[in-house]
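Quick note: to get my numbering, add 1 to the position in the sequence shown (first position is 1).
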Amino acid sequence: MAQHLLFMVLFLTSASWAASYSLSDLEVLVNEKSYEEFFKHALDVRPTERQVSWKAMVSKMGETFAQSVLNRSEIRPSDFKQTEALYQWPSLAADDVFKLKRQEIGLRYLKKCLKSNTPCWNELKEFWERDSKDADLAYKLSELVSQIPDAPLSTWTFLEVAFKSPLSEFYCQKDFAMNSLWGKLEIDYIRLGSQGDLLKKIDQTVHPDCLPALNKEAVRRLYRPEKGQDRELGFQILRAQMKENQNLSDFFYTIYLLERPSKGELFNIAWSKLKELGSSSERRDAVLSQIKTKLDPLPDEIFSSIDIPKKRVVLNHFKANFPEYLDYYSNQCVKFYGGQNTFPHGNPTVHCQDLMSSDLAPEILTKDKIQRYQEVRKI
């Protein structure tokens, strides 16, 4: 019985070795471009024998396989699965050519399957996690995700890597990427509060090469905010880097008081800035010039505020220190309702009626200005 068992062991062992492929066998498969059989048996070679020649064959066959997949009109799930399995081979993960082809295969496959009835979000996550430090792949995946409505993954999942790379100068030029960065900084700014170190957060989030594009966006949103917090965040991003100047500072704090001022540090600074403007006609002229040329409609939310005491204090502060704005605003209001001039974007004084009909109007406007408004409104 013992002899029989020994015979069986020897037979199975010899059968196992007989089924193994040698380096010479693999060379034949390489020449025949039989990549399926090659990868089925490439690991038959002992680890001690997987040296330069073996790695070269694996690399060549990996590239041959990947290119054959890319030559197809459609990437099948089995193609994607096999490519991902091969990418876990250390020698192929270190092969730059195979890596690029693997990314192209994955992106083509994911682009289609994410728009199917059963989106492959888990496959996307696994695809990303196998190469989560690659900035270019991060950007491409973020671009892909940005095109999917109600995606369960944020573009920032990927852009966090892309923006920290030296290639961020290119990524920051893309609108969807900048919007994602802006949203991230907006959340950070709110969480930090007035005493937080916004500059430190910016430095942690983006590569220095991205800063010119970020600052350009900050200036754009300072003058053309897309939502409520934009103007303030734009100014604070510039201020954190000491990129603001006196004209920019005067402009921001003036607009801040005219929009949604709330008690706190910003309000106190804005109050003091406006008082400074009261003693400098040159600075007031500079601010008014920016308002005339860059803002439409004019900032006027304070005029419709239901907080009457705050509204009275702010408007009287403007009357004492920046009467030119109140005069320009009321003139534009009269011209619009009187049908004078053309206003391609509609009423430039959205809350003028709130101002003119309030008890505060006689306190900050001349009787002549109020009378002119009342006359044109009767027409």
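Virtual Cβ for every residue (Gly too), placed ideally from N, Cα, C.
Three-way DSSP call (helix, strand, coil) for residue i in this model
i	result
arginine 225	coil
threonine 343	coil
glutamate 64	helix
glycine 265	coil
alanine 152	coil
isoleucine 307	coil
arginine 47	coil
lysine 244	coil
arginine 378	helix
asparagine 118	coil
cysteine 211	helix
tryptophan 55	helix
tryptophan 129	helix
proline 363	helix
Alpha carbon of residue i to alpha carbon of residue j, nearest angstrom
i	j	result
serine 147	tyrosine 224	26 Å
tryptophan 55	phenylalanine 39	11 Å
arginine 222	cysteine 173	15 Å
leucine 361	histidine 352	14 Å
leucine 275	tyrosine 330	17 Å
threonine 14	glutamate 161	At threonine 14, the pLDDT of 42 sits below 50, so the modelled position is not reliable; the number obtained from the coordinates is stated separately. Spanning the two alpha carbons is a distance of roughly 53 Å.
lysine 34	methionine 62	7 Å
valine 220	glutamine 237	10 Å
arginine 261	proline 209	33 Å
serine 290	serine 359	28 Å
serine 195	isoleucine 188	13 Å
leucine 24	glutamine 52	10 Å
leucine 87	aspartate 132	14 Å
phenylalanine 304	aspartate 151	38 Å
arginine 232	aspartate 355	24 Å
serine 282	glutamine 205	41 Å
glutamate 376	threonine 350	17 Å
tyrosine 278	leucine 125	Just to set this straight, residue 278 is leucine in the shown sequence, not tyrosine. Approximately 56 Å, taken between the alpha carbons.
Residue range of the alpha helix (DSSP H) that includes residue i
i	result
valine 335	324-338
leucine 259	247-259
cysteine 353	353-357
alanine 163	157-163
isoleucine 191	176-193
lysine 113	97-114
glutamate 75	Run containing glutamate 75: none; DSSP gives neither H nor E here.
tyrosine 140	136-147
asparagine 32	24-33
glutamate 283	282-295
aspartate 204	199-206
proline 91	91-94
serine 169	169-172
glutamate 38	36-42
Cβ pair residue i, residue j closer than 8 Å
i	j	result
serine 169	phenylalanine 159	no
glutamate 105	leucine 71	yes
lysine 113	glutamine 68	no
leucine 199	leucine 193	yes
tyrosine 190	leucine 239	no
valine 381	phenylalanine 252	The question about residue 381 has no answer here: the residues shown for the chain are numbered 2 through 380.
tryptophan 90	valine 59	yes
leucine 259	aspartate 297	no
glutamine 247	leucine 299	no
lysine 336	leucine 327	no
tryptophan 272	glutamate 218	no
tyrosine 22	threonine 65	no
isoleucine 203	alanine 241	yes
isoleucine 365	asparagine 322	no
lysine 175	asparagine 216	no
Residue closest to residue i, alpha-carbon to alpha-carbon, out of the options
i	options	result
glycine 339	Tyr374, Leu154, Pro345, Met357	Tyr374
cysteine 211	Lys126, Ala178, Val59	Ala178
glycine 107	Asn118, Ala95, Gln83	Gln83
asparagine 269	Ser282, Ser281, Ser280, Thr255	Thr255
alanine 381	Asp80, Arg73, Arg284, Leu27	One cannot answer for residue 381 here, as it falls past the ends of the chain, which runs 2 to 380.
lysine 264	Val315, Ser166, Ile292	Val315
arginine 285	Leu267, Lys312, Ser250	Ser250
leucine 154	Arg378, Cys121, Lys165	Cys121
isoleucine 149	Lys165, Ser166, Leu111, Asn180	Leu111
glutamate 130	Ser166, Thr343, Leu115, Glu85	Glu85
is_contact[residue i, chain D] using C-beta, thresh 8 Å
i	result
isoleucine 76	In the structure shown, chain D cannot be found, because there is only a single protein chain.
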